[in-house]
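Per our numbering, residue 5 is the first one in the sequence shown, and the count goes up by one each step.
In this text, a Cβ means the ideal position worked out from N, Cα and C, and glycines have one as well.
Since this is a predicted model, take the numbers as computed values, not measurements.
Taking it in order: structure first as structure tokens, then the write-up.
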Amino acid sequence: MSLIRSLWNLAAPTSALALLMTAGACGDDGTTASASDGASESDSDGESGESTDPASGSGSTQGATDSGGSESESATGSTGDPSTDGSTGEPATTTDTTDATTTDTTDATTTDTTDTETTGGVDGFMVGVDVTDISPTEQQLGPGFYMGAYGAPYTRGPAQGVHDAIYVRSFAIEAGDGLILAIMDLPGMGNQISRAIREDVAAATGLSEDQVLIGATHSHSAPDLMGLWGGVPDSYKDMLIDKVAASMTAAWDGRVTATLEVGTATVDNNNNRRGHPDTDKDIVVLDAFDEGQARLGTLVAYAAHPVILGEDNKLISRDFCGYTVDALELELDAPVLFFNGVLGDASPKSPPGEYADDFEKAQAYGELLASSSMLALEQTEPVDPVLVFTASAWEQKVDNLLFQAAANLGLALYDFEMMGLFENYVTTQATYFRLGTQLQGVGFPGESLTYNGLSIKEVMKTPHRLLLGNTGDALGYFVPSAEWNMGYNDNYEESVSLGPDAGDTARDVINALITADNANF
Numbered sequence: 005m006s007l008i009r010s011l012w013n014l015a016a017p018t019s020a021l022a023l024l025m026t027a028g029a030c031g032d033d034g035t036t037a038s039a040s041d042g043a044s045e046s047d048s049d050g051e052s053g054e055s056t057d058p059a060s061g062s063g064s065t066q067g068a069t070d071s072g073g074s075e076s077e078s079a080t081g082s083t084g085d086p087s088t089d090g091s092t093g094e095p096a097t098t099t100d101t102t103d104a105t106t107t108d109t110t111d112a113t114t115t116d117t118t119d120t121e122t123t124g125g126v127d128g129f130m131v132g133v134d135v136t137d138i139s140p141t142e143q144q145l146g147p148g149f150y151m152g153a154y155g156a157p158y159t160r161g162p163a164q165g166v167h168d169a170i171y172v173r174s175f176a177i178e179a180g181d182g183l184i185l186a187i188m189d190l191p192g193m194g195n196q197i198s199r200a201i202r203e204d205v206a207a208a209t210g211l212s213e214d215q216v217l218i219g220a221t222h223s224h225s226a227p228d229l230m231g232l233w234g235g236v237p238d239s240y241k242d243m244l245i246d247k248v249a250a251s252m253t254a255a256w257d258g259r260v261t262a263t264l265e266v267g268t269a270t271v272d273n274n275n276n277r278r279g280h281p282d283t284d285k286d287i288v289v290l291d292a293f294d295e296g297q298a299r300l301g302t303l304v305a306y307a308a309h310p311v312i313l314g315e316d317n318k319l320i321s322r323d324f325c326g327y328t329v330d331a332l333e334l335e336l337d338a339p340v341l342f343f344n345g346v347l348g349d350a351s352p353k354s355p356p357g358e359y360a361d362d363f364e365k366a367q368a369y370g371e372l373l374a375s376s377s378m379l380a381l382e383q384t385e386p387v388d389p390v391l392v393f394t395a396s397a398w399e400q401k402v403d404n405l406l407f408q409a410a411a412n413l414g415l416a417l418y419d420f421e422m423m424g425l426f427e428n429y430v431t432t433q434a435t436y437f438r439l440g441t442q443l444q445g446v447g448f449p450g451e452s453l454t455y456n457g458l459s460i461k462e463v464m465k466t467p468h469r470l471l472l473g474n475t476g477d478a479l480g481y482f483v484p485s486a487e488w489n490m491g492y493n494d495n496y497e498e499s500v501s502l503g504p505d506a507g508d509t510a511r512d513v514i515n516a517l518i519t520a521d522n523a524n525f
């Protein structure tokens with residue numbers, strides 16, 4: 005470990021760049037955490053976290069196993085202001101794929117693997133939901149078990165226990181063909197892990213890997229499955245792959261005839277830590293009911309970094325996402341999935357008040373989001389039983405020297421392709437989907453900054469629009485070129501981005517998929 009640290013220190017300059025963490029250790033107050041100053045990413049008042057009684061953060065969930073269990077159970081039972089250019093504050097032009105920015109093919113190459121499926125003409129949807137505990141066992145915890153997303157490698161120290169159980173939650177949708185969405189309480193995953201899961205699920209279900217979307221809530225108090233902060237033992241990594249694949253398969257196998265409803269509410273529960281006036285304020289809910297109108301499950305998406313628990317917290321936790329899910333499951337009596345949205349520069353705006361510790365503060369914010377979700381659930385509309393999905397893969401150049409160093413030193417659980425001595429590329433992908441004429445969505449392969457994400461959602465034409473962050477891949481920040489190295493947040497997000505064209509490339513690839521489908525309805 006000392007050799008790796010020495011090599012790392014040689015590769016990393018003594019600045020924000022020394023914080024190689026695609027999770028992003030920067031608070032919504034604009035401060036940047038570093039190994040030297042020990043600061044932590046936090047929400048607006050910057051309070052530090054303290055551990056509490058583990059029982060206080062846990063909550064029973066329908067279909068979930070007890071902490072550490074291995075069983076899974078299937079459940080059968082508008083942004084108001086337009087996107088602006090981040091560097092000028094002037095309104096940005098919505099991307100038109102007829103004259104979209106041409107990406108330099110030396111930096112990114114779009115692979116012609118686009119796969120479009122339009123399904124429908126059936127009486128209704130088929131939906132299945134599964135919740136499975138993926139908490140580490142006591143035997144797996146120890147000196148080699150690290151949480152991710154804060155500080156330089158190893159500096160935070162190993163996890164010391166489990167405050168509240170973490171889960172994979174899977175949501176399968178079929179209308180002739182199908183998709184399976186899964187969300188895990190993790191900072192993210194290396195593409196080695198996500199690829200293994202997609203392969204296993206595809207083999208078990210007969211679906212293509214493009215139909216298997218795996219996301220992470222981005223909790224900064226969860227296991228490091230990206231390999232950037234110390235990693236986890238192989239026994240836990242292997243267990244997680246098996247459990248996630250089994251959960252997604254169980255959701256698919258357990259699907260029943262269902263109807264879907266979708267709603268959107270606009271709520272001011274987040275801040276932009278780069279100082280921009282905008283964040284994505286939409287909270288979107290997708291609700292599934294069986295033939296008897298019993299709720300099967302609910303998907304919720306909103307944009308906010310799960311960073312209320314600080315770097316000093318050593319207990320595994322879902323952060324505020326868990327409290328949102330627990331409160332909604334208690335209210336709805338059905339499984340709930342929480343996806344993070346356009347989260348790259350979005351920080352939580354906690355309710356004002358005095359809190360005993362950061363867990364209490366995370367609970368207050370989580371329950372605020374649960375209340376906001378209920379507002380969206382009060383204004384849902386039925387979804388036509390039509391499913392459209394399209395997927396595209398591309399090669400993105402990795403300009404970030406620290407990403408290259410982490411991969412070359414074997415620290416990161418990512419496969420980068422060497423094209424020369426200092427020429428690294430990563431193959432990534434995005435899946436676009438549409439449900440009826442009511443909802444368009446996309447799995448985004450990292451943390452989209454606000455103006456990058458809004459420029460994608462603006463191209464969608466349905467009344468409800470989803471961008472699922474860190475879904476499909478977790479490749480750091482995607483920054484629009486218009487605000488690259490303009491000094492926002494001391495250019496922190498740029499320091500943990502693949503490179504200056506990554507945001508524009510992802511935007512253009514995804515917007516081409518959306519625009520092609522817009523012509524169909």
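Check	Outcome
Could you pull the start and end residues of the alpha helix (DSSP H) that ALA575 belongs to?	This structure does not reach residue 575, given that the chain is present from 5 up to 525, and the question cannot be answered.
Please say whether GLY301 and ALA338 have beta carbons closer to each other than 8 Å?	yes
Among ASN522, LEU336, LEU303, VAL135, which residue has its Cα nearest to the Cα of TYR436?	ASN522
So what's SER501 in DSSP terms, helix, strand or just coil?	strand
With a 10 Å radius around its C-beta and 16 neighbouring C-beta atoms as the bar for buried, classify ASN526 as buried or exposed.	Any answer about residue 526 is impossible in this case: the structure gives the chain only from 5 up to 525.
Hey, could you find the ends of the beta strand (DSSP E) GLU371 is sitting in?	Premise fails: GLU371 lies in the alpha helix (DSSP H), 362–381, not in any beta strand (DSSP E).
ASN275 bridges to which residues according to DSSP?	SER351
Using DSSP's beta-bridge definition, name the partner residues of LYS401.	TYR429
Between which two residues does the beta strand (DSSP E) carrying TYR327 extend?	Premise fails: TYR327 lies in the alpha helix (DSSP H), 324–336, not in any beta strand (DSSP E).
Find out if the Cβ-Cβ distance for the pair LYS353, ASN275 is shorter than 8 Å.	yes
Around the Cβ of MET130, are there at least 16 other Cβ atoms within 10 angstroms (buried) or fewer (exposed)?	buried
Buried or exposed: where does ASN524 fall if 16 or more other Cβ atoms within 10 Å of its Cβ makes it buried?	exposed
For THR509 and LEU334, I'd like the C-alpha separation in whole angstroms.	41 Å
So, at 7 Å on beta carbons, what are the nonlocal neighbours of ALA416 in its own chain, with the 5 sequence-adjacent residues on each side left out?	GLY194, MET230, GLY231, LEU232, ALA410
DSSP beta-bridge partners for TYR171?	ASP137
Measuring CA to CA, which of PHE407, LEU405, ALA305, THR384 is closest to GLY370?	ALA305
So GLY445 and LEU470 are supposed to be a Cβ contact under 8 Å. How far apart are they, rounded?	3 Å
Can you give the Cα-Cα distance for GLN363 and VAL216, rounded to whole angstroms?	Looking at the sequence itself, residue 363 is Phe, so the reference to Gln does not match. Roughly 33 Å separates the two Cα atoms.
Taking the alpha carbon of ILE460 as the reference point, which residue from LEU379, TYR429, ASP284 has its own alpha carbon closest?	ASP284
Pick from ILE287, LEU439, ASP419: whose alpha carbon is nearest that of THR431?	ASP419
Any idea if ALA434 is buried or exposed, counting beta-carbon neighbours within 10 angstroms, 16 or more meaning buried?	buried
For chain D, find out if any of its Cβ atoms is closer than 8 Å to the Cβ of MET490; answer yes or no.	No chain D appears in this structure, which consists of one protein chain only.
Assuming LEU336 and ARG299 form a contact by the criterion Cβ under 8 Å, report the distance between their Cβ atoms to the nearest whole angstrom.	6 Å
How about PRO191: is its Cβ closer than 7 Å to a heavy atom in the ligand NAP?	Ligands are entirely absent from the displayed structure, and the ligand NAP is therefore not among its contents.
Can GLU265 and THR384 be called in contact, C-beta distance under 8 Å?	yes
Please report the residue range of the beta strand (DSSP E) in which LEU472 lies.	468–472
Looking only at C-alpha atoms, which of GLY155, VAL260, VAL205 sits nearest to ASN317?	GLY155
How is the alpha helix (DSSP H) around ALA520 delimited, first residue to last?	506–522
Could you check what DSSP says for MET230 in three-state terms: helix, strand or coil?	coil
Secondary structure at LEU406, three-state DSSP: helix, strand or coil?	helix
Looking only at C-alpha atoms, which of GLY491, GLY480, ASN515 sits nearest to SER501?	GLY480
Mind checking who PRO386 pairs with in its DSSP beta bridge?	GLU265
So the candidates are VAL390, ILE312, ARG199; which of them puts its Cα closest to the Cα of ALA226?	ILE312
Considering only the beta carbon of each residue, do VAL205 and ILE184 sit closer than 8 Å?	yes
Compare the C-alpha of ARG277 against each of ILE518, ALA350, GLN164 and name the closest.	ALA350
I need the DSSP call for TYR455, collapsed to helix, strand or coil.	helix
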